[in-house]
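*Asks:* Have a look at this one before I ask anything.
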Amino acid sequence: ALEVLGTTDIKSTTKDTDGNVVSETIYDFNQPFTRLTMADAVLKYNPEFDAAVINDPENNLEQMIAYGRQVGIREDEKQSAWGAGKWLCEIFEETAEEKLDQPTFITAYPWEVSPLARRNDENSFVTDRFEFFVGGRELANGFSELNDAEDQKARFLKQVAEKDAGDDEAMHYDADYIQALEYGMPPTAGEGIGIDRLVMLFTDSPTIKDVILFPHMRPIAK
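If you're matching positions, the sequence shown starts at 56 in the working numbering and goes up one per residue.
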């Protein structure tokens with residue numbers, strides 16, 4: 056931000072159809088970034104929820120489903136394959152994600168929604184994974200790579216079950232990747248940054264099409 060804009064205060068504006076500014080937000084990149092686990096974020100924006108349930112969703116699946124219904128997650132066939140981790144993530148996305156205005160790290164993603172991330176040593180329900188949010192948008196995703204072939208195989212099979220249940224975002228089973236892991240992979244970690252979204256933020260652009268050279272367009276109707 057300093058190199059590109061000369062400031063750590065990033066301005067974001069909302070404009071009406073005539074181009075007039077109706078609201079303005081300043082994102083402060085100079086302050087220490089907030090860090091919350093996914094469970095903590097859910098509790099922060101849903102204080103009426105029982106903390107004992109949110110912090111131990113694996114043993115409170117029925118109540119997690121009830122919370123999901125409470126926040127507006129409608130019943131769907133694909134939910135038959137959802138476990139507690141998926142419900143926690145869906146509740147987070149429904150009630151907390153868009154409220155992460157100032158720079159925020161969300162950590163401790165459940166393994167169920169992190170099929171390639173290594174489990175945490177102290178809590179195997181979650182992984183060593185984070186996502187970075189500004190203005191309610193995810194800008195980065197990083198994690199320690201899962202290098203246990205047996206665990207990875209089980210994760211892929213869980214993803215296949217979710218895909219069969221109707222989840223289009225679930226991954227396919229990758230036999231070649233499993234075979235490669237069986238040969239061994241050293242501890243590895245990485246991070247991916249959404250460059251287009253970062254450029255949106257720095258240029259105060261309202262849509263991602265404004266910053267992509269060749270955005271996907273609908274075909275012209277004949």
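We put the CB at the ideal spot given by N, CA and C, even for glycine. Computed from a predicted structure; not experimentally measured.
Please return the same chain residues whose Cβ sits closer than 6 Å to the Cβ of Thr92, not counting the five positions on each side in sequence.
*Replies:* Thr162 and Ala163
*Asks:* Could you tell me how far apart the beta carbons of Pro165 and Leu194 are, in whole angstroms, since I believe they sit closer than 8 Å?
*Replies:* The pair is not a contact, with the Cβ atoms about 21 Å apart (cut-off 8 Å).
*Asks:* Under the assumption that Glu149 contacts Val126 (Cβ atoms under 8 Å), give the Cβ distance between them as a whole number of angstroms.
*Replies:* For Glu149 against Val126, the beta-carbon gap comes to about 5 Å, under 8 Å, which counts as contact.
*Asks:* Do you know offhand how far Glu217's Cα is from Asp229's?
*Replies:* 15 Å
*Asks:* Any idea what DSSP makes of Pro261, helix, strand or coil?
*Replies:* coil
*Asks:* Using the beta-carbon count (16 or more within 10 Å), is Gln214 buried or exposed?
*Replies:* buried
*Asks:* Let me check understanding here. Comparing Cα to Cα, which of Leu201, Thr69 and Ile263 lies closest to Thr243?
*Replies:* Leu201
*Asks:* Is Phe211 helix, strand or coil by DSSP?
*Replies:* helix
*Asks:* How about Asp259 and Ser67: are their beta carbons less than 7 Å apart?
*Replies:* yes
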